[in-house]
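Numbering (full-length UniProt numbering), first residue to last: 1 to 329. Yeah, the Cβ is synthetic: ideal placement off N, Cα and C, and Gly gets one too. Reading through the structure tokens given below for one structure.
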Amino acid sequence: MPRSPFEGLRIPSSPTLTLKWASQTMLKVGGRDRREVALARLSVCVKVLDYYISFLNSIPTPKELHPFYREMAELTLGSDWPEEVEKLRRKLVVGRTISFKFYKELSKTPMDRIGKLEKEAVGRSLSFLRRNSTAVEQIVTGFSKLSKLAFIDPSLPTVIVAGLPNVGKSSIVASLSSAKLEIASYPFTTKDIHVGHLETKLGKVQIVDTPGLLDRPNSERNIIEKKAVNALRNLNGVILFAFDGTEATTVSEELNVFEEVVKLNKPSLACINKMDIASSSKVKRLEELVKEKGIRLVKVSCVNGDSLEELKVAIEDELSSYLGLRPIF
1 MPRSPFEGLR IPSSPTLTLK WASQTMLKVG GRDRREVALA RLSVCVKVLD
51 YYISFLNSIP TPKELHPFYR EMAELTLGSD WPEEVEKLRR KLVVGRTISF
101 KFYKELSKTP MDRIGKLEKE AVGRSLSFLR RNSTAVEQIV TGFSKLSKLA
151 FIDPSLPTVI VAGLPNVGKS SIVASLSSAK LEIASYPFTT KDIHVGHLET
201 KLGKVQIVDT PGLLDRPNSE RNIIEKKAVN ALRNLNGVIL FAFDGTEATT
251 VSEELNVFEE VVKLNKPSLA CINKMDIASS SKVKRLEELV KEKGIRLVKV
301 SCVNGDSLEE LKVAIEDELS SYLGLRPIF
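As structure tokens, this is what we get:
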């Protein structure tokens, strides 16, 4: 099963902890003579540098990432992250090269000069990590966050659920999903993202709830949230806008967000949730407004399951029309 491009990364410890480990380890090494001890200590330095070089080498390049995950990396680390990764990698490689040169010198230098040369070798070798520890820490922390993202597969047909807070978006995702939801954090919101999968006649469809993002007008979003909206546009699918059928929110509040979502220029459909306790006057008004947009509308209740199958069919129809998919059964 494909997973996030960051999930398999072996995230290293922070440079502070690693340097502390190196110091403690070098104190414990032994050997037959002073030369062997010095070489063993320098080997610890090389191991530390290789630890981070290996990590930096394992990071996917922007060209290897789907635009969605490329945007996620930029949101987490900044747009210059590829240059920063390469810059750090080159610096640490230089440190390792210098370590090898010192290793050769220590192997043949007179015994009475070993102590002084060892001190210089260890100091110079680890200085490449010490001087760049803040930058390394930022890269490690950023990719640690990315490795824990809920997996969103950009290759799957996707339904992005939008709507005001508390209209029941997560309930809709859970009700439509054929398996347990995956819940995790994303860099563009402090709230959990819910990712589910829906088995349809078109095959597996991904359904994503994005709390804290597509739930308010664009004017109220910060720069990171606006970039995140652009990232979502890279997903291959449609938007399902969920209205609240009760009086908990006003028609104008919901319409403001609905209008913003329509402007994303992605194929859309809509549903009115909470039909088991809905206001008939509000539902009628919403029906009129959605009809004016020429968008398909389904009235559902996640509490008693009313019309969820009809909503599933509407999703299949919209995806089939937009992506040109054909039924697999």
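Alpha carbon of residue i to alpha carbon of residue j, nearest angstrom
i: isoleucine 139; j: valine 300; result: 45 Å
i: methionine 1; j: lysine 291; result: Bear in mind that a pLDDT of 46 at methionine 1, under 50, signals an unreliable position, so the model cannot answer this.
i: lysine 293; j: alanine 270; result: 11 Å
i: isoleucine 224; j: valine 161; result: 19 Å
i: leucine 213; j: valine 173; result: 16 Å
i: leucine 117; j: arginine 89; result: 26 Å
i: threonine 16; j: valine 48; result: 12 Å
i: proline 157; j: glycine 203; result: 9 Å
i: valine 262; j: arginine 233; result: 12 Å
i: asparagine 304; j: asparagine 273; result: 11 Å
i: glutamate 64; j: proline 154; result: 13 Å
i: threonine 18; j: alanine 38; result: 19 Å
i: phenylalanine 102; j: asparagine 230; result: 50 Å
i: leucine 289; j: glutamate 318; result: 19 Å
i: arginine 96; j: alanine 228; result: 38 Å
i: glycine 31; j: lysine 20; result: 22 Å
i: proline 165; j: lysine 91; result: 47 Å
i: alanine 73; j: proline 60; result: 10 Å
i: glutamine 206; j: serine 54; result: 34 Å
i: alanine 278; j: serine 13; result: 53 Å
i: leucine 308; j: isoleucine 11; result: 42 Å
i: valine 159; j: valine 208; result: 6 Å
i: histidine 66; j: glycine 8; result: 16 Å
i: leucine 108; j: threonine 25; result: Note on residue identity: the sequence assigns lysine, not leucine, to residue 108. Looking at the two C-alpha atoms, the distance is approximately 24 Å.
i: serine 219; j: tyrosine 69; result: 25 Å
i: glutamate 137; j: leucine 323; result: 42 Å
i: residue 379; j: isoleucine 193; result: The requested residue 379 does not occur in the structure, where the chain is confined to residues 1 to 329.
i: cysteine 302; j: serine 177; result: 12 Å
i: proline 62; j: valine 29; result: 41 Å
i: lysine 104; j: asparagine 236; result: 56 Å
Whole-number beta carbon distance between residue j and residue i, since they are thought to touch under 8 Å
i: leucine 264; j: isoleucine 239; result: 7 Å
i: leucine 106; j: isoleucine 114; result: 7 Å
i: glutamate 71; j: alanine 135; result: In fact, because the Cβ distance is near 22 Å, the residues do not count as touching under 8 Å.
i: valine 251; j: leucine 286; result: 6 Å
i: glutamate 254; j: proline 217; result: Glutamate 254 to proline 217, Cβ: 11 Å. No contact.
i: valine 257; j: glycine 163; result: 7 Å
i: leucine 126; j: tyrosine 52; result: Leucine 126 to tyrosine 52, Cβ: 11 Å. No contact.
i: methionine 111; j: arginine 35; result: 7 Å
Assigned secondary structure, residue i (DSSP; H/G/I helix, E/B strand, else coil)
i: cysteine 271; result: strand
i: glycine 324; result: coil
i: alanine 162; result: strand
i: glutamate 84; result: helix
i: methionine 1; result: Low confidence applies to methionine 1: its pLDDT is 46, below 50, so where it sits in the model is not reliable, and the reading given next is rough at best. Residue state, collapsed to three classes: coil.
i: glutamate 71; result: helix
i: glutamate 7; result: coil
i: isoleucine 183; result: strand
i: glutamate 130; result: The sequence as given places arginine at residue 130; glutamate does not occur at that position. Note: arginine 130 maps to helix in three-state DSSP.
i: serine 170; result: helix
i: proline 12; result: coil
i: lysine 148; result: coil
i: arginine 221; result: coil
i: glycine 123; result: helix
i: glycine 115; result: helix
i: serine 178; result: coil
i: serine 99; result: helix
i: serine 155; result: coil
i: serine 79; result: coil
i: leucine 17; result: helix
i: threonine 109; result: coil
i: leucine 92; result: helix
8 Å Cβ cutoff, residue i in contact with chain B
i: valine 167; result: In the structure shown, chain B does not exist; there is a single protein chain.
Counting pairs of Cβ atoms below 8 Å between the stretch 168-184 and the stretch 136-153, do you hit three or more?
-> yes
Say whether the stretch 236-256 touches the stretch 164-171, bearing in mind that this needs 3 or more beta-carbon pairs closer than 8 Å, one atom from each stretch.
-> yes
Complete beta strand (DSSP E) runs within the stretch 193-219 (minimum length 3 residues, chain order) = 203-209
Considering only residues of the stretch 233-321, which uninterrupted alpha helix (DSSP H) runs meet the minimum length of 4 residues and lie entirely inside it, listed in chain order?
-> 251-262, 280-292
Validate contact between the stretch 190-202 and the stretch 301-318 using beta carbons, cut 8 Å, 3 pairs = yes
Which ranges would you report for the alpha helix (DSSP H) in the stretch 25-61 if only whole runs of at least 4 residues count?
-> 34-58
For the 8 Å Cβ check, are there 3 or more pairs between the stretch 128-143 and the stretch 77-84?
-> yes
The stretch 118-128 in contact with the stretch 31-43 per 3-pair CB rule at 8 Å | yes
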